[in-house]
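One structure is given here, and the rest of the page talks about it.
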Amino acid sequence: MNFQWYPGHMTKAKRQMQEDIKLIDLVIELVDARIPLSSRNPDIDELGKNKYRLILMNKADLADKERTREWSAFFKEKGFFVVSLDARSKSGMKNITDIVMEACKEKIERDRKRGIKNRPVRAMVVGIPNVGKSTFINSYAGKACAKTGNKPGVTKGKQWIRLNKSVELLDTPGILWPKFEDPEVGFCLAVTGAIKEDVYDRETAVELLLERLMHIYPEDLRVKYAIDFSEAEPVREVMSKIAVARGCLKAGGVLDIDKVIQLVLRDFRTGRLGRFTLD
Ligand code: G4P
1 MNFQWYPGHM TKAKRQMQED IKLIDLVIEL VDARIPLSSR NPDIDELGKN
51 KYRLILMNKA DLADKERTRE WSAFFKEKGF FVVSLDARSK SGMKNITDIV
101 MEACKEKIER DRKRGIKNRP VRAMVVGIPN VGKSTFINSY AGKACAKTGN
151 KPGVTKGKQW IRLNKSVELL DTPGILWPKF EDPEVGFCLA VTGAIKEDVY
201 DRETAVELLL ERLMHIYPED LRVKYAIDFS EAEPVREVMS KIAVARGCLK
251 AGGVLDIDKV IQLVLRDFRT GRLGRFTLD
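Numbering (the working numbering), first residue to last: 1 to 279.
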């Protein structure tokens, strides 16, 4: 897929992140569990190379459970701490602090040996747009939004959210830019809703998505739309079958393919169609 994309903000965001990252111990990186590679920007590995690293496989409620397990193992193998979660759910936040402490235990131990007590771990949240950074910060910080900084007597500058005596979080997340150059990555970002709809062709995106689902998750498609198809069938025929099955019709009984496109994208993004992993 081709994208009309003007990465105007990218340099600014990157510069900001280079500054912010100096202030922290731990990078909490959100990826989309449905596309754990396509939703990463590998620049973060260079930017955060001397930091402790935690990857949150977010939107795990929408992803294929088995694949999420496989991807978690893949990232762990590479040395990351990994948690899969639904950032909207407060209950998923319970063990995050324990994992943050575990990821930073070397630093905590070093502080202890130097006689430094109760110096909180400082962390920042990073990720591409729409991956769930704000949702995570809200769920994790909850009511503990006692901000430090910018108070009388406190140096003007960054705002920190003090979560508890052990962890402080930078209150503004770092925005990573997705890597569009690879058309496969672009496709994954488009169908999951990570990028705005005005920079790609929705019809092509939905055709590619249906072709993919026809091969890797055919039963979900068959059951959800109550249609039958063979995996070799042209995707436009499958779209017509969905139109008929779901009553996507224009005046005179003409099939309304625009409506099918909207329907499929919505059903895919909300998980109504099933739990899928594309990477
Ligand atoms: P951002 O700060 O990284 O840009 O993302 P944000 O928190 O704004 O989340 C983007 C959308 O993703 C929100 O949907 C949010 O509710 C949803 N979201 C975040 N985490 C999860 C998760 O773990 N599971 C699911 N299913 N959804 C999640 P929204 O408010 O409806 O926005 P939009 O989708 O209409 O843009």
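Ideal Cβ placement from N, Cα and C applies to all residues, glycine included.
What separation, rounded to the nearest whole angstrom, lies between the Cα atoms of residue i and residue j?
{"i": "Gly253", "j": "Ser240", "result": "12 angstroms"}
{"i": "Gly79", "j": "Thr270", "result": "31 angstroms"}
{"i": "Leu23", "j": "Arg67", "result": "34 angstroms"}
{"i": "Leu37", "j": "Arg15", "result": "23 angstroms"}
{"i": "Glu237", "j": "Met214", "result": "12 angstroms"}
{"i": "Phe229", "j": "Ala60", "result": "29 angstroms"}
{"i": "Lys151", "j": "Leu169", "result": "Its pLDDT being 44, under 50, Lys151 is placed unreliably by the model, and the measurement read from it follows with that caveat. Rounded to whole angstroms, Lys151 to Leu169 spans 17 angstroms at the Cα level."}
{"i": "Thr135", "j": "Ala194", "result": "15 angstroms"}
{"i": "Thr148", "j": "Val27", "result": "Reliability of the predicted coordinates at Thr148 is poor, the pLDDT of 48 falling under 50, and the value obtained from them is presented with this limitation in mind. Those two C-alpha atoms are separated by around 19 angstroms."}
{"i": "Glu102", "j": "Arg112", "result": "15 angstroms"}
{"i": "Ser84", "j": "Val260", "result": "32 angstroms"}
{"i": "Glu19", "j": "Glu233", "result": "52 angstroms"}
Determine the extent of the alpha helix (DSSP H) in which residue i is found, giving its start and end residues.
{"i": "Phe75", "result": "Lys65 to Glu77"}
{"i": "Phe268", "result": "Ile257 to Thr270"}
{"i": "Tyr225", "result": "Pro218 to Tyr225"}
{"i": "Asn58", "result": "Counting along the chain, Asn58 falls outside any alpha helix (DSSP H), though it belongs to the beta strand (DSSP E) covering Tyr52 to Asn58."}
{"i": "Glu19", "result": "Met10 to Ile21"}
{"i": "Leu47", "result": "Asp43 to Leu47"}
{"i": "Met101", "result": "Ile96 to Ala103"}
Nearest by alpha-carbon distance to residue i: which of the options is it?
{"i": "Lys158", "options": "Met17, Cys248 and Thr11", "result": "Met17"}
{"i": "Met124", "options": "Gly174, Ser134, Pro183 and Asp258", "result": "Gly174"}
{"i": "Pro178", "options": "Ala190, Cys188, Asn164 and Ile128", "result": "Ile128"}
{"i": "Arg34", "options": "Pro42, Met57, Ile44 and Pro120", "result": "Met57"}
{"i": "Asn138", "options": "Ile116, Gly115 and Gly92", "result": "Gly92"}
{"i": "Arg222", "options": "Thr11, Ala87, Lys105 and Ile242", "result": "Ile242"}
{"i": "Trp71", "options": "Glu231, Ile99 and Arg40", "result": "Arg40"}
{"i": "Lys12", "options": "Lys94, Leu176, Lys65 and Thr97", "result": "Leu176"}
Pull up the CB-CB distance for residue i and residue j, whole angstroms please, since I reckon it's below 8 angstroms.
{"i": "Ala205", "j": "Tyr225", "result": "In fact, because the Cβ distance is near 18 angstroms, the residues do not count as touching under 8 angstroms."}
{"i": "Arg53", "j": "Glu29", "result": "7 angstroms"}
{"i": "Ile21", "j": "Leu62", "result": "No, Ile21 and Leu62 are not in contact; Cβ-Cβ is about 29 angstroms, not under 8 angstroms."}
Considering just the uninterrupted stretch of the beta strand (DSSP E) at residue i, what are its terminal residues?
{"i": "Gly186", "result": "From DSSP, Gly186 is part of no beta strand (DSSP E) but of the alpha helix (DSSP H) over Pro183 to Thr192."}
{"i": "Ser240", "result": "That residue, Ser240, is in no beta strand (DSSP E); its alpha helix (DSSP H) goes Val235 to Ala245."}
{"i": "Ile161", "result": "Trp160 to Arg162"}
{"i": "Phe81", "result": "Phe81 to Ser84"}
{"i": "Ala123", "result": "Val121 to Gly127"}
For a test of your reading of the model: does the CB of residue i fall under 7 angstroms from any non-hydrogen atom of ligand 2? Yes or no.
{"i": "Ser89", "result": "Ligand 2 is not among the ligands present in this structure, which contains only ligand 1."}
Around ligand 1, which residues pass a check of Cβ closer than 7 angstroms to any of its heavy atoms?
Leu30, Asn58, Lys59, Ala60, Asp61, Leu62, Leu85, Asp86, Ala87, Arg88, Gly127, Pro129, Asn130, Val131, Gly132, Lys133, Ser134, Thr135, Phe136, Pro173, Gly193 and Gly271
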